[in-house]
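Remarks on the structure that follows.
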Amino acid sequence: MTIALILQAALVAAGLALAGFCFMLSHRLKKLNDLETGLGGAIAVMAAEIARLEAALAAAKAGATTATNGLAQEIEKARSERAYWALQRQFLPAQAEPRRTLRRRRAISEVRDA
20 MTIALILQAA LVAAGLALAG FCFMLSHRLK KLNDLETGLG GAIAVMAAEI ARLEAALAAA
80 KAGATTATNG LAQEIEKARS ERAYWALQRQ FLPAQAEPRR TLRRRRAISE VRDA
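For the sequence shown, counting from 1, position 61 maps to 80 in this note's numbering; every step adds exactly one.
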């Protein structure tokens with residue numbers, strides 16, 4: 020046998036081994052890209068979940084923004100009412116205070132004294 024014949028046989032054997040390896044890889048890639056059981060299916064499910072979570076996040080953000088605005092309005096309203104009552108107490112004489120406020124002050128002072 021000559022060296023050329025041995026090299027040709029080695030090339031044929033290497034080519035057959037490479038063909039078998041490529042066949043095995045293509046079979047694995049087909050399984051991986053299967054939309055029901057493979058990685059393709061997992062990617063499709065994850066993409067759908069991401070879209071659902073983004074929608075839920077947008078809805079939560081809108082709700083939080085609405086709640087924040089409502090709370091800010093209520094706080095501003097409470098501050099203005101507090102300022103109004105502070106002015107009322109400042110300018111009303113002690114006798115002109117409503118009876119309910121006087122009763123409440125007396126009850127508080129009685130509790131403090133006890």
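By construction, the Cβ of each residue, glycine as well, lies at the ideal position given by its N, Cα and C atoms.
On a predicted model such as this, the values are computed, not experimentally measured, just so you know.
Using the C-alpha atoms, what's the distance from residue j back to residue i?
i: V31; j: R47; result: 24 angstroms
i: L90; j: N52; result: 51 angstroms
i: A36; j: A66; result: 38 angstroms
i: M43; j: G34; result: 14 angstroms
i: R71; j: T84; result: 20 angstroms
i: I22; j: S45; result: 34 angstroms
i: A61; j: A86; result: 37 angstroms
i: F110; j: A75; result: 52 angstroms
i: A105; j: E73; result: 47 angstroms
i: E95; j: A79; result: 24 angstroms
i: A81; j: A63; result: 27 angstroms
Below 8 angstroms between beta carbons: does that hold for residue i and residue j?
i: K50; j: G39; result: no
Which class does residue i belong to by DSSP, given the choice of helix, strand or coil?
i: L106; result: helix
Between residue i and the ligand PLP, is there a pair consisting of the residue's CB and a ligand heavy atom that are separated by less than 7 angstroms?
i: S99; result: This structure lacks the ligand PLP; in fact it carries no ligand of any kind.
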